[in-house]
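Below you'll find the structure, written out as structure tokens, and then a few comments.
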Amino acid sequence: MLEDIRNSMAYFRETLKSEIDLPESHRRFSNIIICGMGGSAISGDVVKDAFKDLLRFPVEISRTYRLPGYASGDSLVVCLSYSGNTWETLAQLNQAIEKNCKIVCVSSNGKMETIARERNLPYVKLSGGMMPRVAFPYLLSALLAVFQNLGLVSVPELGLEKNLDKIENEAKRLTERVNNTFPIIISQYPSVVLRYKTQLNENSKFLAKDEILPEIHHNEVESWVKLDEKFSVILLRENGEDKEVSNSFDIDKKLLDGKNVCEVFAEGDTRLERILYLILLGDFLSYFLAEKNNTDPYPVNVIAQIKEYLATHS
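Oh and the sequence shown: position 168 is 151 in my numbering, straight run, nothing missing.
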């Protein structure tokens, strides 16, 4: 897993080059629905966070069994499932077919590929043989490739490799501060904090909490008087923050004075690069926490148990 994390940007670039043949009809839509679970859905969150100032259409991330009621022939529906067998996503794919939506499928294989081939739906095939959470760079870059093909975004060159050693060492430093605590992760980007939480859940087997600025200033902060040595707080920041964001983090630091607070500043020339800097740091952190506690990061036995139960009771 460690080498996969180190190779994340190579995986990202590999799929970003995908040639996607979209029919002309797919270029006319009024809304976008991204269907997926776990890392597939988080890839949609990243696109929204990174390009929120540029997207000209409403974009919804659908993490459930059913498409929103407004889904129609005017909707572009992108279904992502690394395995191609995520049943919630397949259920939405079938509904999108029934509603005559404009559909794009992304997977490495599985039932999704079969459906896409049989119905001649636009399909992006990913490299296989990985765990879905490790395949996040493939899923994100495939989604960005679709958006770029449609002229919705222009994906900039990313220079994260030059900071790779720095990011990995920062993750090792954070490991010492976060170990044996309940981490509360705070960022202005929902995609970043959710990725941290889920990676800590799955790889490290840690409980964790994700919080978003400025929303926490309307609720969460009132509970901070209860924080003790069992908790750590990770402030995920970036160089060149907007003044409002910087002021929000600064007041949080004052409120958290004397607590176990870790602060990180992402580097990068673009918002996408800074978001991926933070996500890469979180991936390393989840691995090093697992390693420190002699935890195998690969098995997700409870998740497998749930999938088996639902499959036999559907």
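We put the CB at the ideal spot given by N, CA and C, even for glycine.
Taken through DSSP and simplified to helix, strand or coil, Tyr121 comes out as helix.
Non-local C-beta neighbours of Tyr48 in its own chain, meaning closer than 6 Å and more than five positions away in sequence, comprise Glu71 and Ala74, ordered along the chain. Under a 10 Å Cβ-count criterion, Thr181 is classified as buried, with 16 or more other Cβ atoms of the shown protein chains found around its own Cβ. Within the DSSP secondary-structure output, Lys209 pairs in no beta bridge. By the Cβ-count criterion, Phe40 is exposed, with fewer than 16 other Cβ atoms from all chains shown falling within 10 Å of its own Cβ. Separation of the CB atoms of Met(-16) and Pro280 is rounded to 6 Å, and the pair is thereby assigned contact status at 8 Å. For Gly142, the closest alpha carbon among the candidates Lys236, Glu250 and Asn230 is that of Glu250. Residue pairing by DSSP places Leu59 opposite Ile15 and Lys85 in a beta bridge. Annotated three-state conformation of Val283 is coil, per DSSP. Under a 10 Å Cβ-count criterion, Tyr292 is classified as exposed, with fewer than 16 other Cβ atoms of the shown protein chains found around its own Cβ. A distance below 7 Å between beta-carbons, with the five flanking residues on each side excluded, links Thr278 to the following residues of its chain, in chain order: Ser187 and Lys188. Secondary structure of Val228 (DSSP, three-state): helix. Residues Leu63 and Thr72 of the same chain have their beta carbon placed closer than 6 Å to that of Gly19, with the five preceding and five following residues left out of the count. Cβ-Cβ separation between Leu272 and Val161: approximately 7 Å, consistent with a contact (criterion under 8 Å). Counting other Cβ atoms within 10 Å of its Cβ, Ala118 reaches 16 or more and is therefore classed as buried. In this structure Val138 touches Leu(-1) by the C-beta definition: roughly 6 Å separates them, less than 8 Å. By the Cβ neighbour-count rule, Asp252 is exposed, with fewer than 16 other Cβ atoms within 10 Å of its own.
Looking only at Pro105, Leu122 and Val107, the smallest Cα-Cα distance to Met113 is reached by Leu122. Shown here, Arg220 sits in a strand according to DSSP, grouped into three states. Taking one beta carbon from each stretch, the segment 169 to 177 and the segment 215 to 226 have 3 or more pairs nearer than 8 Å; the two touch.
Within a 10 Å sphere around the beta-carbon of Ser8 sit fewer than 16 other beta-carbons, which makes this residue exposed. A straight-line Cα-Cα distance of about 21 Å links Lys192 and Ser229.
For Glu274, the three-state secondary structure derived from DSSP is helix. Counting C-beta atoms within 10 angstroms of its own C-beta, Ser58 has 16 or more neighbours from the protein chains shown and is therefore classed as buried. When only Cα atoms are considered, Asn146 and Ala(-7) end up about 14 Å apart.
DSSP places Ser26 inside the alpha helix (DSSP H), whose first and last residues are Gly22 to Ala33.
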